[in-house]
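Novice: Pasting a structure below so you can have a look.
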Amino acid sequence: MGPTAVGKTALALELAHRFPLEVVSADSRQVYRGMDIGTAKPTQAERAAVPHHVIDVVEPDEPYTLADYRRDALAAIVGIQQRRHLPVLVGGTGLYYRAVTSGMQIPEVAPDHAYRAALEARAIAEGHDALHRELAARDAAAATAIDPRNVRRVIRALEVQHVTGRPFSQQAQPVDPPFCVITIGLSLDRAVLYRRVDQRVDAMMAAGLLDEVERLHARGYAWSLPSMSGIGYRQLGEYLRGERTLGEAVGRIKLDSHAYVRRQYTWFRKEPGIEWRDAAEFEAALDDLTLRIESLFP
RNA sequence: GGCGACGUGGCCAAGUGGUUAAGGCGGGGGUCUGCAAAACCCCUAUCGGCAGUUCGAAUCUGCCCGUCGCCU
3 MGPTAVGKTA LALELAHRFP LEVVSADSRQ VYRGMDIGTA KPTQAERAAV
53 PHHVIDVVEP DEPYTLADYR RDALAAIVGI QQRRHLPVLV GGTGLYYRAV
103 TSGMQIPEVA PDHAYRAALE ARAIAEGHDA LHRELAARDA AAATAIDPRN
153 VRRVIRALEV QHVTGRPFSQ QAQPVDPPFC VITIGLSLDR AVLYRRVDQR
203 VDAMMAAGLL DEVERLHARG YAWSLPSMSG IGYRQLGEYL RGERTLGEAV
253 GRIKLDSHAY VRRQYTWFRK EPGIEWRDAA EFEAALDDLT LRIESLFP
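Quick note on numbering: the first sequence equals residues 3 to 300 in our numbering.
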């Protein structure tokens, strides 16, 4: 695990020279087909050399949820284990990481978009506190745990309670992890990482990110889609709609990526059991990880 | 050397006598189990320096320092 552009993919590919491993992506954007450059997907050559899973699984306009991801990732891991290969989860989406490694029980309630839209409208009309008060009445524990201003979370809790008739808070109890996990967190000095992010954004532009975004938009994918609202796609959309210059859009991509890095760290810091390694000491991290894995298979 | 303008947090920028000095950007921290590269929240200055005027000054006066412009 680790923030964007820290070198996770490179480390995994290097590790693949030492172990028969397969990669399971833990990246919420690489699941979309056709979004290659902006999501920094591993190349076709890299994916030919090392099998990758949970990449390119849906079209950009298909909804893909946490539950979908958990199902796909666990299925991939089972398959890898049957092949007697080592499953290596690689990615920067903290929630996805947790869904796989912590035995998360996700309430079996599919999104009801009409219901959500109605509640969103209420939040706007009556204020988010109104929704939160309703949640407090229906599920006090959830109301305590969820920030009233985090409308999206409040709505999901209401949705689960609405559909199942049972409190959301009682349906989200984690169980023991289904397997033994070693987590290596790759980290890098913030200023250095920001520089690396900026360089990668420039490289993405040179590699044709704008074309990629235009092509997706030409295929009819709305800017409001979750897939099209990711970093890179959103800002270039603003440029294509004439809301800002190309230079401004690229600058925005860089700064939004910085903020994303910060949010990623916030998430990872909270996750237990992560062993942090300095990405600047790539070889050392690689050797150390090799020893850690070998110790598991005497 | 003279004249003029300006000098507010890392940057941009309101405020031109009176509650705890707007806001934006950047930076930092945080929340989040079916939209998570999302959504949301919090933090981040005493106003170039000194001396005055005043009950009270970022806001007025003087000097100094600095920046910019024009002139010689």
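Note that the Cβ used here is the ideal one computed from N, Cα and C, for glycine as well.
To which residues of the same chain is Asp301 closer than 6 Å at the C-beta, ignoring the five residues directly before and after it?
Specialist: In the structure as shown, the chain starts at 3 and stops at 300, and residue 301 therefore has no counterpart that could be examined.
Novice: If you run the structure through DSSP and keep just helix, strand and coil, what is Asp204?
Specialist: Here Asp204 sits in helix by DSSP.
Novice: From this set, Ser27, Met206, Glu48 and Arg73, which residue's C-alpha is nearest Gly94's C-alpha?
Specialist: Nearest of Ser27, Met206, Glu48 and Arg73 to Gly94, Cα basis: Ser27.
Novice: Kindly confirm or deny that the segment 256-275 and the segment 5-23 touch, where touching means at least three C-beta pairs closer than 8 Å.
Specialist: Segments in contact, yes.
Novice: Three or more beta-carbon pairs under 8 Å between the segment 9-18 and the segment 66-86, yes or no?
Specialist: Contact fails: fewer than three Cβ-Cβ distances are below 8 Å.
Novice: For the segment 209-283, which segments carrying the beta strand (DSSP E) assignment without a break, of at least 3 residues, lie completely within its bounds, in sequence order?
Specialist: The segment 209-283 contains these whole beta strand (DSSP E) runs: 276-280.
Novice: Tell me whether Ser27 sits in a helix, a strand or coil according to DSSP, three-state version.
Specialist: Strand.
Novice: Please classify Val90: is it buried, with 16 or more other beta-carbons within 10 angstroms of its beta-carbon, or exposed?
Specialist: Per the 10 Å Cβ criterion, buried.
Novice: Using alpha carbons as the reference points, say which of Trp225, Gly244, Arg246 and Glu245 lies closest to Arg236.
Specialist: Among Trp225, Gly244, Arg246 and Glu245, the Cα nearest to that of Arg236 is on Trp225.
Novice: According to DSSP, simplified to helix, strand and coil, what is Gly187?
Specialist: Strand.
Novice: Can you give me the Cβ contacts of Ala281 inside the same chain, cut-off strictly under 6 Å, excluding the 5 residues immediately before and after it?
Specialist: So the list reads Val8, Gly9, Leu188 and Leu190, once near-sequence residues are dropped.
Novice: Tell me, which residues are paired with Tyr68 by DSSP?
Specialist: In the sequence on display, residue 68 carries Leu and not Tyr. Answer is none; Leu68 lacks a bridge partner.
Novice: Quick check on Arg217: buried or exposed, where buried means 16 or more other Cβ atoms within 10 Å of its Cβ?
Specialist: Arg217 is exposed by the Cβ-count criterion.
Novice: What whole-angstrom Cβ distance do Pro44 and Ser229 have, given they're in contact under 8 Å?
Specialist: 18 Å between Cβ atoms; not a contact.
Novice: If you drop the 5 nearest sequence neighbours on each side, which residues of the same chain put their C-beta closer than 8 Å to that of Leu88?
Specialist: Result list for Leu88: Phe21, Pro22, Leu23, Glu24, Ile82 and Ile295, in chain order.
Novice: Beta-carbon within less than 8 Å of Thr103's beta-carbon, same chain only, minus the 5 sequence neighbours each way: which residues are those?
Specialist: Counting only Cβ-Cβ distances below 8 Å, and skipping sequence neighbours, we find Leu91, Pro179, Val183 and Thr185.
Novice: Determine the direct distance from the alpha carbon of Asp289 to that of Phe299, and round the result to whole angstroms.
Specialist: Spanning the two alpha carbons is a distance of roughly 16 Å.
Novice: From this set, Ala112, Ile39 and Val263, which residue's C-alpha is nearest Arg197's C-alpha?
Specialist: For the residues Ala112, Ile39 and Val263, the minimum Cα distance to Arg197 belongs to Val263.
Novice: Terminal residues of the continuous beta strand (DSSP E) containing Val92?
Specialist: Where Val92 is concerned, the enclosing beta strand (DSSP E) stretches over Leu88 to Val92.
Novice: Give the straight-line distance between the Cα atoms of Val136 and Glu64, rounded to the nearest whole angstrom.
Specialist: Val is not the amino acid found at residue 136; the sequence shown has Glu there. Going from the Cα of Glu136 to the Cα of Glu64 covers about 31 Å.
Novice: Do you know offhand how far Ala159's Cα is from Pro169's?
Specialist: Each residue's Cα considered, the two are about 8 Å apart.
Novice: To the nearest whole angstrom, what separates the beta carbons of Val215 and Leu248, a pair I think is in contact under 8 Å?
Specialist: The Cβ separation is near 11 Å, so there is no contact.
Novice: On the criterion of 16 or more Cβ atoms from any shown chain inside 10 Å, does His19 qualify as buried, or is it exposed?
Specialist: Its Cβ having fewer than 16 others within 10 Å, His19 is exposed.
Novice: Expressed to the nearest angstrom, what Euclidean distance is found between the alpha-carbon atoms of Ala174 and Ala209?
Specialist: Approximately 42 Å between the Cα atoms of the pair.
Novice: Per DSSP, what kind of secondary structure is Val60 in: helix, strand or coil?
Specialist: In this structure, Val60 counts as strand in the three-state DSSP scheme.
Novice: Counting along the chain, where does the alpha helix (DSSP H) carrying Asp131 start and finish?
Specialist: Element bounds for Asp131: His130 to Arg140.
Novice: Terminal residues of the continuous alpha helix (DSSP H) containing Lys10?
Specialist: Per DSSP, Lys10 belongs to the alpha helix (DSSP H) from Lys10 to Leu17.
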